[in-house]
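Engineer: Shown below is the structure under consideration.
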Amino acid sequence: MLGTVLYAPGDIRCEEVPEPKILKPTDAIIKLSASCVCGSDLWPYRGIQAVAGPQHMGHEYCGVVVEVGSEVKTIRPGQFVVGSFCLSDNTCPHCQFGFQSSCEHREFMSAAQAPYARIALADGTLVATDTMPSDDLIPSLLAASDVLGTGWYAADAARVTPGCTAVVVGDGAVGLMGVLSAKQMGAGRIIAMSRHKQRQELALEYGATDIVTERGDAGVAKIKELTGGIGADSVLECVGTQESMLQAINSARPGGSIGYVGVPHGVELDGQMLFFQQKNLLGGPAPVRRFLPHLIDLIMTRQINPGKVFDLEVPLADVAHGYKAMDERIAIKTLLRM
3 MLGTVLYAPG
13 DIRCEEVPEP
23 KILKPTDAII
33 KLSASCVCGS
43 DLWPYRGIQA
53 VAGPQHMGHE
63 YCGVVVEVGS
73 EVKTIRPGQF
83 VVGSFCLSDN
93 TCPHCQFGFQ
103 SSCEHREFMS
113 AAQAPYARIA
123 LADGTLVATD
133 TMPSDDLIPS
143 LLAASDVLGT
153 GWYAADAARV
163 TPGCTAVVVG
173 DGAVGLMGVL
183 SAKQMGAGRI
193 IAMSRHKQRQ
203 ELALEYGATD
213 IVTERGDAGV
223 AKIKELTGGI
233 GADSVLECVG
243 TQESMLQAIN
253 SARPGGSIGY
263 VGVPHGVELD
273 GQMLFFQQKN
283 LLGGPAPVRR
293 FLPHLIDLIM
303 TRQINPGKVF
313 DLEVPLADVA
323 HGYKAMDERI
333 AIKTLLRM
């Protein structure tokens, strides 16, 4: 079968890869309805994250189960399923506490940019829909696998509550999903920090009430101006740079909360600053599995449409174009059809 393989920074190819097989009795094989390119895929693509030889890419997925291992009990062939980028047993103490992304048997998904994929820990990772979804819901269900679940976690970690003021730092796919999530959680005011017209428009559609184009200290000053000098109750950090993290922390009010989900690169925080600012910080890899049943229900009942974040759709064979478009910020997020 064809799959996406990254050989070196900028060298992404669609080529023949082995079809997945059941390796453990807790595995499942799914036929993907679609896959996509993630913003985190761009880190190795850009050379910011090391590439150790050819790497089969992809960690976002949804599709139909075609085979299960002998110990799989809750998933059966023929079901449509969505799974997290972080594979978990959903039974260990950390999973039961709601942090499946810290599962004692955690694995990270890979090789999902292909027609078929092996899902380890299938019982704890996959969530089946009640009915077979219509094709127009596939992009939204795919988004639930990572970017929607991650944006939702950012809002949850930032303690978004009804009527609060929330700020979203970052206008990529995760940031836009953070706007959607804050809206769903009842935020009264949602300030999206964005410089790009297309992304601003989608942020407004998803529920943003204000747009701030400034960054860094100027961005923080604008947030303070909009909040009467107080700062935001909740801040969602969805980038992962030094500037974005400081922007997020400094935009929150004393006692406010920052949910940070941007994968950090070169971020260093001063302990004295954190001590005297008196703010809550929670983040890391999103425990998407915790939220999947609720998110799937919202999608299947058409209460939300996160699939709009995919503004470029290409066949798997043209995956290099999909990566390039996201790298050059021509596209927000690329959907790959098998």
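Basically this note's numbering = 1-based index in the sequence shown + 2.
The C-beta atom is built at its ideal place from N, Cα and C for all residues, glycine as well.
Quick one: is V170 buried, meaning 16 or more other Cβ sit within 10 Å of its Cβ, or exposed?
Structural biologist: The residue you call residue 170 lines up with position 168 of the sequence shown. V170 should be labelled buried.
Engineer: Quick one: measure Cβ to Cβ for I77 and A124, integer angstroms, because I've assumed they're closer than 8 Å.
Structural biologist: Here residue 77 corresponds to residue number 75 of the sequence shown, with the count starting at 1. Here residue 124 corresponds to residue number 122 of the sequence shown, with the count starting at 1. With a Cβ gap of about 5 Å, I77 and A124 count as contacting.
Engineer: For I213 and A194, what's the separation of their Cα atoms in angstroms?
Structural biologist: For the purposes of this step, residue 213 is taken as residue 211 along the sequence shown, with counting starting at 1. For the purposes of this step, residue 194 is taken as residue 192 along the sequence shown, with counting starting at 1. About 5 Å.
Engineer: Assign E270 to one of two classes, buried (16 or more other C-beta atoms within 10 Å of its C-beta) or exposed (fewer than that).
Structural biologist: Along the sequence shown, one-based indexing puts residue 270 at 268. Classification for E270: exposed.
Engineer: Going by Cα to Cα distance, which pick from K224, S142, R108 and T93 is closest to F312?
Structural biologist: The residue you call residue 312 lines up with position 310 of the sequence shown. Checked all of K224, S142, R108 and T93; the closest Cα to F312 is S142.
Engineer: Runs of 4 residues minimum, wholly inside the stretch 58-139: which ones carry the alpha helix (DSSP H) assignment?
Structural biologist: List check, alpha helix (DSSP H) in window: 95-98 and 124-127.
Engineer: So does the stretch 259-266 actually touch the stretch 150-161, counting three or more Cβ pairs closer than 8 Å?
Structural biologist: Enough Cβ pairs lie closer than 8 Å, so yes.
Engineer: Please give me, in chain order, every unbroken run of the beta strand (DSSP E) with length at least 3 that falls completely inside the stretch 7-38.
Structural biologist: Complete beta strand (DSSP E) runs here, min 3: 13-18 and 30-38.
Engineer: Counting Cβ pairs closer than 8 Å, one from the stretch 108-124 and one from the stretch 29-44, do we hit at least three?
Structural biologist: In short, these stretches touch, since the Cβ pair count reaches three.
Engineer: What does the alpha-carbon distance come out to for the pair G230 and A223?
Structural biologist: Along the sequence shown, one-based indexing puts residue 230 at 228. Along the sequence shown, one-based indexing puts residue 223 at 221. Computed Cα separation, rounded: 11 Å.
Engineer: Report yes or no: do three or more beta-carbon pairs, one from the stretch 176-185 and one from the stretch 233-247, lie closer than 8 Å?
Structural biologist: Segments in contact, yes.
Engineer: Can you tell which of K75, K33, S104 and Q274 has its C-alpha closest to the C-alpha of V83?
Structural biologist: Counted from its first residue, the sequence shown places residue 83 at position 81. Of the listed residues, the one whose Cα sits closest to V83 is K33.
Engineer: Given this structure, state the Cα-to-Cα distance separating M247 from K75, to the nearest angstrom.
Structural biologist: Taking the first residue of the sequence shown as 1, we reach residue 247 at position 245. Taking the first residue of the sequence shown as 1, we reach residue 75 at position 73. In a straight line, the C-alpha of M247 is about 42 Å away from that of K75.
Engineer: Return the first residue and the last residue of the beta strand (DSSP E) that I213 is part of.
Structural biologist: Along the sequence shown, one-based indexing puts residue 213 at 211. Where I213 is concerned, the enclosing beta strand (DSSP E) stretches over D212 to V214.
Engineer: Is there contact between the stretch 82-96 and the stretch 127-145, where contact requires at least three CB pairs shorter than 8 Å?
Structural biologist: The stretch 82-96 vs the stretch 127-145: in contact.
Engineer: Can you tell me whether P164 is buried or exposed? The criterion is at least 16 other CB atoms within 10 Å of its CB, across all chains shown.
Structural biologist: What you label residue 164 is simply residue 162 of the sequence shown in a count that begins at 1. Exposed is the call here.
Engineer: List the whole-angstrom C-beta distance separating T28 from C16, where the pair is believed to meet the contact cut-off of C-beta under 8 Å.
Structural biologist: Taking the sequence shown and counting its residues from 1, one reaches residue 28 at position 26. Taking the sequence shown and counting its residues from 1, one reaches residue 16 at position 14. That pair is no contact at about 30 Å.
Engineer: As a quick exercise: from Y325, I301, A327 and I14, pick the residue whose alpha carbon is nearest that of I140.
Structural biologist: For this step, residue 140 is matched to residue 138 along the sequence shown. Of the candidates Y325, I301, A327 and I14, the one whose C-alpha sits nearest the C-alpha of I140 is I301.
Engineer: In the DSSP assignment, find the beta strand (DSSP E) that holds A194 and state where it starts and stops.
Structural biologist: Locating residue 194 in the sequence shown gives position 192, counting from the first residue. Here the beta strand (DSSP E) through A194 covers R191 to M195.
Engineer: Select from G188, I251, A119 and V70 the residue whose C-alpha is nearest the C-alpha of D219.
Structural biologist: In the sequence shown, residue 219 corresponds to position 217, counting from 1. The shortest C-alpha separation from D219 is found at I251.
Engineer: In three-state terms, what does DSSP make of R48?
Structural biologist: Residue mapping note: residue 48 aligns to position 46 of the sequence shown, counting from 1. Three-state DSSP puts R48 in coil, outside helix and strand.
Engineer: For the alpha helix (DSSP H) containing N252, name the first residue and the last one.
Structural biologist: Taking the sequence shown and counting its residues from 1, one reaches residue 252 at position 250. Per DSSP, N252 belongs to the alpha helix (DSSP H) from Q244 to S253.
Engineer: Below 8 Å between beta carbons: does that hold for P308 and R339?
Structural biologist: Along the sequence shown, read from residue 1 onward, the residue named residue 308 stands at position 306. Along the sequence shown, read from residue 1 onward, the residue named residue 339 stands at position 337. No, the Cβ-Cβ distance between P308 and R339 is not below 8 Å.
Engineer: Quick check: what's the CA-CA separation for L2 versus I225?
Structural biologist: Residue 2 lies beyond the range of the chain shown here (3 to 340); nothing can be said about it.
Engineer: Which residue marks the beginning of the alpha helix (DSSP H) containing E203, and which one marks its end?
Structural biologist: Taking the sequence shown and counting its residues from 1, one reaches residue 203 at position 201. Note, E203: alpha helix (DSSP H), K199 to Y208.
Engineer: Give me, in chain order, the residues of the same chain whose beta-carbon lies closer than 7 Å to that of L297; leave out the 5 immediate sequence neighbours on both sides.
Structural biologist: To locate residue 297, count along the sequence shown from 1; it is residue 295. Around L297: A146, L150, G151 and W154.
Engineer: Measuring only the C-alpha atoms, how far is C38 from K335?
Structural biologist: Translated into positions along the sequence shown, residue 38 becomes position 36. Translated into positions along the sequence shown, residue 335 becomes position 333. Looking at the two C-alpha atoms, the distance is approximately 8 Å.
Engineer: When DSSP builds the beta bridges, which residues end up paired with P317?
Structural biologist: Here residue 317 refers to the residue found at position 315 when the sequence shown is read from its first residue. Bridge partners of P317: R339.
Engineer: How long is the line joining the alpha carbons of H58 and P22, rounded to whole angstroms?
Structural biologist: Counting from 1 along the sequence shown, the entry for residue 58 is found at position 56. Counting from 1 along the sequence shown, the entry for residue 22 is found at position 20. Roughly 12 Å between the two C-alpha positions.
Engineer: Who are the near neighbours of Q202 in its chain, counting only those whose CB is closer than 6 Å to its CB and skipping five residues on each side?
Structural biologist: Within the sequence shown, residue 202 is the residue found at index 200, counting from 1. Answer for Q202: S196 and I213, listed in chain order.
Engineer: Assuming V162 and A189 make a contact with CB atoms under 8 Å, what is their CB distance in whole Å?
Structural biologist: One-based indexing of the sequence shown puts residue 162 at position 160. One-based indexing of the sequence shown puts residue 189 at position 187. With 8 Å as the limit, V162 and A189 qualify as a contact, their Cβ atoms being about 5 Å apart.
Engineer: Short check: CB of G233 to CB of A254, under 8 Å?
Structural biologist: Taking the first residue of the sequence shown as 1, we reach residue 233 at position 231. Taking the first residue of the sequence shown as 1, we reach residue 254 at position 252. In this structure, A254 lies closer than 8 Å to G233 by Cβ.
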